[in-house]
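J.: Sharing a structure here in C-alpha cells format.
Numbering (this note's numbering), first residue to last: 1165 to 1353.
Here it is in C-alpha cells:
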C-alpha cells in the first residue's frame, strides 16, 4: 500500500467529502445548516489544506485555517479508509503542518470534536492537544462537542514518538483498517 500526503485540490477534497465515513458526516451535519461536498471542499481550501492518499486515491483531507490573527482552527475528515492514514497524518502534523502554522504566527490552534466521536477525541490527545471544555449544545440540534487546543507554549513539547505508536494501532483497530480519526472544524472538528 502506497501512502503519500499532497497539497489539497478541489477535486480531491470534493471526492473525500462525497464519500465521508458516517462519523464525519454526522459531525459536519450538526455544524453546518446546508452543505455539499463542493462547498465543504471550497471551505477547506481557505487555509493550509492537505490530502492523504492510499494507492493514489484521496482518503483524508486535513489542515488548518486562520480565523483571526494568531487563532487557527484545525480540521480533518475522510472516507472509511482514513484510519489507515492516521499514522502518516500524525507525523506530518508534527513535522510539517504544525511548524507551518507556528511560522505564520499562531498563538492558538483549536479543534472541536463531537463528544461521541471517541476515536477523534483520542487522536486529538495523541496529537498533543489539550481538552479545554465541554461545549454543551454546540451542534445545531443540541449535540455536545469538546473543545481542544494547542497553544504556542505547549505544542513544541509533544514528541512524534509519543503520538505515532498508538495511532498505528488505531489504524488497524477495525480489522479492515477503515474509518477516520480526526477533528473537524473541527474537526472535526
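All C-beta atoms in this analysis are idealised placements derived from N, C-alpha and C, irrespective of residue type, glycine included. Note that the structure is predicted; figures quoted are calculated from it, not measured.
Which of the three DSSP states, helix, strand or coil, is assigned to residue 1190?
T.: The residue given as residue 1190 occupies position 26 in the chain shown. Residue 1190: helix per DSSP, three-state reduction.
J.: Classify residue 1259 as buried or exposed, calling it buried when 16 or more other Cβ atoms lie within 10 Å of its own Cβ.
T.: Within the chain shown, residue 1259 is the residue found at index 95, counting from 1. Exposed is the call here.
J.: Taking its Cβ as the centre, do 16 or more other Cβ atoms sit within 10 Å of residue 1215, making it buried, or is it exposed?
T.: As a first step, residue 1215 is located in the chain shown; it is residue number 51 there, counting from the start. Buried, by the Cβ-count rule.
J.: Between which two residues does the alpha helix (DSSP H) harbouring residue 1314 extend?
T.: If you number the chain shown from 1, residue 1314 lands on position 150. Unbroken run through residue 1314 is the beta strand (DSSP E), 1309-1315; no alpha helix (DSSP H).
J.: Give every residue of the same chain whose Cβ lies closer than 6 angstroms to the Cβ of residue 1173, excluding the five residues on either side of it in the sequence, and list them in chain order.
T.: For the purposes of this step, residue 1173 is taken as the residue at position 9 of the chain shown. Cβ within range, chain order: n/a, list empty.
J.: Measure the C-alpha to C-alpha separation of residue 1202 and residue 1176 and round it to an integer number of angstroms.
T.: On the chain shown, position 38 is the one that residue 1202 refers to. On the chain shown, position 12 is the one that residue 1176 refers to. Going from the Cα of residue 1202 to the Cα of residue 1176 covers about 10 angstroms.
J.: Quick check: residue 1169 and residue 1309, are their CB atoms within less than 8 angstroms of each other?
T.: Taking the first residue of the chain shown as 1, we reach residue 1169 at position 5. Taking the first residue of the chain shown as 1, we reach residue 1309 at position 145. It is not a contact, given that the beta carbons lie outside the stated cut-off.
J.: Output needed for residue 1182: all residues of its chain with C-beta closer than 6 angstroms, excluding positions within five of it in sequence on either side, in chain order.
T.: The count along the chain shown starts at 1 and reaches residue 1182 at position 18. Around residue 1182: 1201.
J.: Can you tell me where the beta strand (DSSP E) holding residue 1277 begins and where it ends?
T.: Working through the chain shown from its first residue, we reach residue 1277 at position 113. Unbroken beta strand (DSSP E) run through residue 1277: 1272-1278.
J.: Span of the beta strand (DSSP E) holding residue 1213?
T.: Here residue 1213 corresponds to residue number 49 of the chain shown, with the count starting at 1. 1212-1218 is the extent of the beta strand (DSSP E) around residue 1213.
J.: Rounded C-beta distance between residue 1304 and residue 1197? I'm assuming under 8 angstroms.
T.: By 1-based counting over the chain shown, the position of residue 1304 is 140. By 1-based counting over the chain shown, the position of residue 1197 is 33. That pair is a contact at about 6 angstroms.
J.: To which residues of the same chain is residue 1302 closer than 6 angstroms at the C-beta, ignoring the five residues directly before and after it?
T.: For this step, residue 1302 is matched to residue 138 along the chain shown. So the list reads 1309, once near-sequence residues are dropped.
J.: What is the DSSP secondary structure of residue 1266, reduced to helix, strand or coil?
T.: The sequence position of residue 1266 within the chain shown is 102, counting from 1. Helix at residue 1266.
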